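**Q** Quick one: the structure is below, questions incoming.
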Amino acid sequence: ISPLPFETSNTVDSVCITLFFNALHLVHPILDKYEFLERCKNEVWTSSGDGSDARSRGFQAVYYAVLALGAIVGSDDDFAPELPEARCGNAAGDARPNSAHSALSLAKSFFERSKANLGDIFDVSSLDTTQALFLLSVFCQNALKPHSCYLFSGMAARTAVAIGLPNAKRGQNSVTTRYVRAAALTWWCIYMHEVEMCCASGRDTSLKSPVHYDLPLPGSDRDYSAGGAFETVNAFISVTVSLANLLKRASEELYQSVSITLRDRSLIAQDLDRALEAWRHNLPPPLNYTRVSLTEPERVSRQKIVLKLRYLSARILIYRKFVEAWSTDPETRFATELNVCLNAARSTIQLLFETYLHRPYFRTWWYNTTYLLNASMITLYVFFTGAHLDAASDLFQDIEKALDVFDAMGSVVVARRCAELIREIYDAAKIVHGSRSASSNEWVDGTQKSQTMMAQAICSRAEQVSFADHCEGPSTHAFQRTESQDELTDDTNTFHIEDMNFDSGFGNAFWNLDGAAYMDFTGEDSLQQYDFGYNGVLT
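Count along the sequence shown starting at 1, add 487, and that's the number in the working numbering.
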């Protein structure tokens, strides 16, 4: 890890900041790195930075959120040998818990300290508090806390509107060029994150289309082809905002319009897919992930991987409804649409496998768990529909790769529980496949008999795990309560898969069968204030 240009008062802080700017900052570039470090030098790393005034407290919240995001993607090796011997405090007098002897423990500690420094955001709001709320939302996203992520993201968006960020313009009184730049980075990072998280949690967003906001995209008047750090940050924000707008359209046109037929959905999906392909073809040259370069900076390589993952996730979102419909009504089968969704799911698994194989740093980007679980469930679901009877071995190879990736993230409970779930369904799939090979009468176009065999193999898991919404599909039912609040806040408690937000159609298809214990995935009281993912990563 390269050193910072300034001397910090704590080696652990230095490592966390470097990890953040080399990792999650690349896909959430809300901060100007050198302005941030300059403020750290003046407000945190000096004895005068006591955090007593509101402005300083706001930046302290940003500071600790950055440390939390750096720690959560770090490994214990990144902190060795400093971590066991880290000083319990810095020049500003901030206490560090003596028990923080792992990267994830540090992340949890910094997250709590950032929240403590926010103060009363209803009394004092600023650019600092807005950025802190956003960074805390990103932290919850990577800690696999979708409910908290949604809340923090919504608070960041509303705070940004309250202080006028979407309308910040040059030439206004007391508005400097630097502030407009910071406002643009902040607002558009919030925008793309908010839309993505609303789609992921199955909830509506109050944000409008990007054209409704006066604030231009960062560098909208620049040429992105140069590929410099400044240009690629601007380009990345621009293309991800465009993708977020497509996700917003898909959510509204495919999932919130309940009266349209599946045939109409097919036409809408084709239109959205054409727009998505146009988005992909129009990516700026430095970020075009279809082009291979041996000389591109590492930061660009990381951004390209994320863009490809988001592209594949968007295709799954657009076509997932046709996968669900395949097993419910033979009259509403759309083979082309199902194949597009399946291919996107399989490509997601293969991309993550290759990335984890050759880029070890990616193994601590925990949000990949949701992409992988989503893709694995779709792949298995298509197998059980009988739509690809001749491709079972290929589908099984992809599931094996997915399990390898989950195992690579085995240090967190979420990945282990996801692996257990996928492995049990996969074992049931192999039983069904073997029975079908022995006697073709035991599998006729996804019969209930074969599905019941699968359900019996995982019935015991269904008593412990419930699914609500799909992690990439909007719906009105997102979270269900299965544990008491005391159990949920117990650090020894394990993660409950239901907070990964599967679609009710997938859940019912896997569990609401003859011979399986019935579970209600769509109860009207399913929307709860509880969060089920915290202990999954931060054990």
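Here a beta-carbon is modelled for each residue, glycine too, at the ideal position from N, C-alpha and C. As the structure is a prediction and not an experimental result, all values here were calculated from the model.
For residue 808, which of helix, strand or coil comes out of DSSP?
**A** Helix.
**Q** DSSP three-state call for residue 694: helix, strand or coil?
**A** Coil.
**Q** Just confirm the distance between the C-beta atoms of residue 868 and residue 810, as a whole number of angstroms; I'd bet it's less than 8 angstroms.
**A** Right, their Cβ atoms sit about 6 angstroms apart.
**Q** Quick one: measure Cβ to Cβ for residue 791 and residue 774, integer angstroms, because I've assumed they're closer than 8 angstroms.
**A** At roughly 6 angstroms, the Cβ-Cβ gap stays under 8 angstroms, so residue 791 and residue 774 are in contact.
**Q** Would residue 640 pass as a contact of residue 686 if the rule is Cβ separation under 8 angstroms?
**A** Contact: no.
**Q** Mark residue 988 as exposed unless 16 or more other C-beta atoms lie within 10 angstroms of its C-beta, in which case mark it buried.
**A** Note that residue 988 scores a pLDDT of 37, beneath 50, so its modelled location is shaky and nothing firm can be said.
**Q** Taking three-plus beta-carbon pairs below 8 angstroms as touching, is the region 608 to 623 in contact with the region 832 to 848?
**A** Taking 8 angstroms as the limit for Cβ pairs, the verdict is that the region 832 to 848 does not touch the region 608 to 623.
**Q** Kindly list the residues whose CB is nearer than 7 angstroms to the CB of residue 728, restricted to its own chain and excluding five residues on each side of it in sequence; keep chain order.
**A** 675, 678, 679, 697 and 704.
**Q** For the region 631 to 648 against the region 858 to 873, are there 3 or more C-beta pairs whose distance is under 8 angstroms?
**A** Flag = no, the region 631 to 648 and the region 858 to 873 do not touch.
**Q** Would you call the region 787 to 804 and the region 744 to 755 touching, i.e. three or more CB-CB distances under 8 angstroms?
**A** In short, these stretches do not touch, since the Cβ pair count stays below three.
**Q** Consult DSSP for residue 682 and reduce its assignment to one of helix, strand or coil.
**A** Helix, per DSSP.
**Q** Report yes if the C-beta distance between residue 741 and residue 803 is below 8 angstroms; otherwise report no.
**A** In this structure, residue 803 does not lie closer than 8 angstroms to residue 741 by Cβ.
**Q** Check whether the Cβ atoms of residue 766 and residue 730 lie closer than 8 angstroms to each other.
**A** Result yes, Cβ atoms of residue 766 and residue 730 sit closer than 8 angstroms.
**Q** Which residue's Cα is closest to the Cα of residue 510: 500, 788 and 602?
**A** Out of 500, 788 and 602, 788 has the C-alpha closest to the C-alpha of residue 510.
**Q** Using DSSP with H/G/I as helix, E/B as strand and the rest coil, what is residue 606?
**A** DSSP places residue 606 in coil when its eight states are reduced to three.
**Q** Let me check understanding here. Comparing Cα to Cα, which of 620, 890 and 630 lies closest to residue 911?
**A** Among 620, 890 and 630, the Cα nearest to that of residue 911 belongs to 890.
**Q** Specify whether the region 872 to 880 and the region 647 to 658 touch according to this definition: at least 3 beta carbon pairs, one from each stretch, less than 8 angstroms apart.
**A** Contact fails: fewer than three Cβ-Cβ distances are below 8 angstroms.
**Q** So, do the region 500 to 514 and the region 551 to 562 have three or more beta carbon pairs nearer to each other than 8 angstroms?
**A** Counting Cβ pairs under 8 angstroms, three or more are found: they touch.
**Q** Give the secondary structure of residue 511 by DSSP, where H, G and I count as helix, E and B as strand, and everything else as coil.
**A** Helix at residue 511.
**Q** Under 7 angstroms Cβ to Cβ from residue 526, same chain only, skipping five residues before and after it: list those, please.
**A** Result list for residue 526: 546, in chain order.
**Q** Please return the same chain residues whose Cβ sits closer than 7 angstroms to the Cβ of residue 856, not counting the five positions on each side in sequence.
**A** Excluding positions up to five away in sequence, the list reads 631, 896, 901, 902 and 905.
**Q** Check the C-beta distance from residue 595 over to residue 623 and give it rounded, since I have them as a contact under 8 angstroms.
**A** At roughly 12 angstroms, the Cβ-Cβ gap does not stay under 8 angstroms, so residue 595 and residue 623 are not in contact.
**Q** Hey, would you say residue 771 sits closer than 8 angstroms to residue 722, going by beta carbons?
**A** Yes, Cβ-Cβ distance for residue 771 and residue 722 is below 8 angstroms.
**Q** Just curious, the alpha helix (DSSP H) that residue 647 is in, first and last residue?
**A** Counting along the chain, the alpha helix (DSSP H) containing residue 647 begins and ends at 633 to 649.
**Q** Which runs of the alpha helix (DSSP H), 4 residues or longer, sit entirely within the region 748 to 794?
**A** Complete alpha helix (DSSP H) runs here, min 4: 749 to 768.
**Q** Among 858, 916 and 701, which one has its Cα closest to the Cα of residue 884?
**A** Closest by alpha carbon: 916.
**Q** Hey, could you find the ends of the alpha helix (DSSP H) residue 834 is sitting in?
**A** From DSSP, the alpha helix (DSSP H) with residue 834 extends over 822 to 845.
**Q** Given this structure, state the Cα-to-Cα distance separating residue 923 from residue 776, to the nearest angstrom.
**A** Residue 923 and residue 776: Cα-Cα distance of roughly 40 angstroms.
**Q** Pick from 531, 512 and 823: whose alpha carbon is nearest that of residue 497?
**A** With distances taken between Cα atoms, residue 497 lies closest to 531.
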